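**Q** Attaching a single structure in structure tokens format; questions to follow.
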Amino acid sequence: MENALPITAGHAVLETVIGFMGIAWSEKGLIRLCLPERSREAVERRLFRHAGVSTSTEQPQWVVELIASIKAYAAGEDVDFSGVPV
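With the working numbering applied, the sequence shown corresponds to residues 201 to 286, in that order.
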């Protein structure tokens, strides 16, 4: 995954075949990954329990690519996450 700058802070909840998952990112990269829950609301509650999670949902390109990769991984595909900034 290309590390395109600038990275903006935000969060996303995504629906996968194994449930709703969440991610949060800062200007530096990925700061949180929430494993599957049964509802979008449960994931948002988990994300916002932690300091530093932005309410913004604007997604830089690397996040768009990460979301697609997480969905593919949850569906059983072999995915390389080594390019994700953390």
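Glycine included, C-beta positions come from ideal geometry on N, C-alpha and C. Remember, predicted model here, so these are calculated numbers, not experimental data.
#1: Name the two residues that bound the continuous alpha helix (DSSP H) containing valine 243.
#2: Specify the secondary structure class of glutamate 227 as computed by DSSP and reduced to three states.
#3: Give me the Cα-Cα distance between leucine 205 and serine 239, rounded to the nearest whole angstrom.
#4: Helix or strand or just coil, what does DSSP make of alanine 295?
#5: Which residue or residues does DSSP assign as beta-bridge partners of glycine 210?
#6: Going by DSSP, name the residue or residues bridged to leucine 233.
**A** Let's see:
#1: Along the sequence shown, one-based indexing puts residue 243 at 43. Start and end: 240 to 248.
#2: By one-based count along the sequence shown, residue 227 stands at place 27. Three-state result, glutamate 227: coil.
#3: As a working note, residue 205 is residue 5 in the sequence shown. As a working note, residue 239 is residue 39 in the sequence shown. At leucine 205 the pLDDT is 49, less than 50, meaning the model places this residue with poor confidence; the figure from the coordinates comes in the next sentence. Answer to the nearest angstrom: the Cα atoms are 32 Å apart.
#4: Lying outside 201 to 286, the shown extent of the chain, residue 295 is not represented and no answer is given.
#5: Taking the sequence shown and counting its residues from 1, the one referred to as residue 210 is at position 10. Answer is Trp225, bridged to glycine 210.
#6: Working through the sequence shown from its first residue, we reach residue 233 at position 33. Bridge partners of leucine 233: Ile223.
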